[in-house]
Amino acid sequence: MLQPITYVFFGLFVATTIVQLVAAFLEKEMLRKITKPFCVFFLALAVVVTLPTHPLVYIGAFLGVLGDIALIFKNKKIFLLGTILFLFGHFCYLSEVLFIMMKNQPLDWWFYVVVGFAILLITLAGYPFSKKITGTRYLSLAGNIYMGVLLLVSVVSIIASAKGYANFMILGVIGGISFLASDMILTKSFFIKDFKRRDYYIMLFYLLGQALILIGITFTYVLV
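Here's what the structure looks like:
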């Protein structure tokens, strides 16, 4: 059951998100940078008080907060750190979705083999393209692994929803796609060509993605 404090923290998330998006749209950099980490931070607190016994969910969210802080700085080494933080955050989300599926029925061993092979395939197949864009080997590999895990969050959410494991996991699918859109915009602005109001579009899709993934998992536990 949702707690009253949950609504308070979610309301703070909505409020800071509005401030963040307005600041990004108007290109008020100081206000945008100050408010950026607090958006997902309040969302993570809402998850903590709602699902205190499911640490992977809110650890994933707090890793996103650290990733937000890292990506405030326009530096390739810091960008790599941010990518790794978000990567582990998505590992947490992916693990939690798998736990949800295993509650009703154990998953066959080959499922994990397919998941591992899929991440490896995406990493290796996309390496020449990503290396050309980033110009950095480690950043390319980390980015490809991250992208593979992010895609798997959506794919596994689709499977969970289709098989009736979790009625609300369709939100995770939409969230994963929104997250992917944000990352594509971020990659283009950082490595290819910058453009006006980039942070508005990046944060719009990013915050929508984080919110839908976390709401989908939370509602699955609380409302089902």
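Numbering (our numbering), first residue to last: 91 to 314. Where a beta carbon is used, it is the ideal one built from N, C-alpha and C, also for glycine.
Query - Through-space distance from Q93 to K221, alpha-carbon basis - result: Translated into positions along the sequence shown, residue 221 becomes position 131. Translated into positions along the sequence shown, residue 93 becomes position 3. C-alpha separation (whole angstroms): 46 Å.
Requested in this report: Out of V137, K286, S230 and D273, point me to the one whose CA is closest to G150's CA.
Outcome: Within the sequence shown, numbered from 1, the residue matching residue 150 stands at position 60. For G150, the nearest C-alpha among the options comes from V137.
Query raised in the report: In three-state terms, what does DSSP make of E117?
Result: Here residue 117 is taken as the residue at index 27 of the sequence shown, counted from 1. The answer is coil: DSSP assigns E117 none of H, G, I, E or B.
**Report entry** Integer-rounded CB distance, given that F176 should sit under 8 Å from L153
**Finding:** Counting from 1 along the sequence shown, the entry for residue 153 is found at position 63. Counting from 1 along the sequence shown, the entry for residue 176 is found at position 86. Indeed they touch by this definition, with Cβ atoms about 7 Å apart.
Query raised in the report: In terms of residue numbering, what span does the alpha helix (DSSP H) encompassing F295 cover?
Result: Mapped onto the sequence shown, residue 295 falls at position 205. Element bounds for F295: R288 to V312.
Query raised in the report: Excluding five sequence neighbours on each side, which residues of the same chain lie with their C-beta closer than 6 Å to the C-beta of L161?
Result: Position 71 of the sequence shown, counted from the start, is the residue given in the question as residue 161. Answer for L161: G172, listed in chain order.
Query raised in the report: From L116 to R287, what does the alpha carbon distance come to, in whole angstroms?
Result: Looking up residue 116 in the sequence shown gives position 26. Looking up residue 287 in the sequence shown gives position 197. Their Cα atoms are separated by approximately 8 Å.
**Report entry** Segments of 4+ residues assigned as alpha helix (DSSP H) that fall wholly inside the segment 209 to 240
**Finding:** 217 to 224
Query raised in the report: Looking at the unbroken alpha helix (DSSP H) that takes in F152, where does it start and where does it end?
Result: On the sequence shown, residue 152 is found 62 positions in, with the first residue counted as 1. Counting along the chain, the alpha helix (DSSP H) containing F152 begins and ends at P145 to A160.
Report task. Look up K126 in the DSSP assignment and say whether it is helix, strand or coil. Result -> For the purposes of this step, residue 126 is taken as residue 36 along the sequence shown, with counting starting at 1. Correct three-state label for K126: helix.
Report task. Starting from S268, follow the alpha helix (DSSP H) in both directions and report where the run begins and ends. Result -> Counting from one through the sequence shown, the residue named residue 268 turns up at place 178. Residues I260 to T277.
Query raised in the report: Buried or exposed: K126, going by 16 or more other Cβ atoms within 10 Å of its Cβ?
Result: Within the sequence shown, numbered from 1, the residue matching residue 126 stands at position 36. Buried: at least 16 other Cβ atoms inside 10 Å.
Query - E119 classed as buried or exposed, judged by whether at least 16 other C-beta atoms fall within 10 angstroms - result: In the sequence shown, counting from the first residue as 1, residue 119 sits at position 29. Label assigned to E119: exposed.
Query - Touching by the beta-carbon criterion (3+ pairs, under 8 Å), the segment 201 to 219 and the segment 257 to 273 - result: By the C-beta criterion, the segment 201 to 219 is judged not to be in contact with the segment 257 to 273, since fewer than 3 inter-stretch pairs fall below 8 Å.
Query raised in the report: Do three or more CB pairs link the segment 105 to 112 to the segment 134 to 148 at distances below 8 Å?
Result: no
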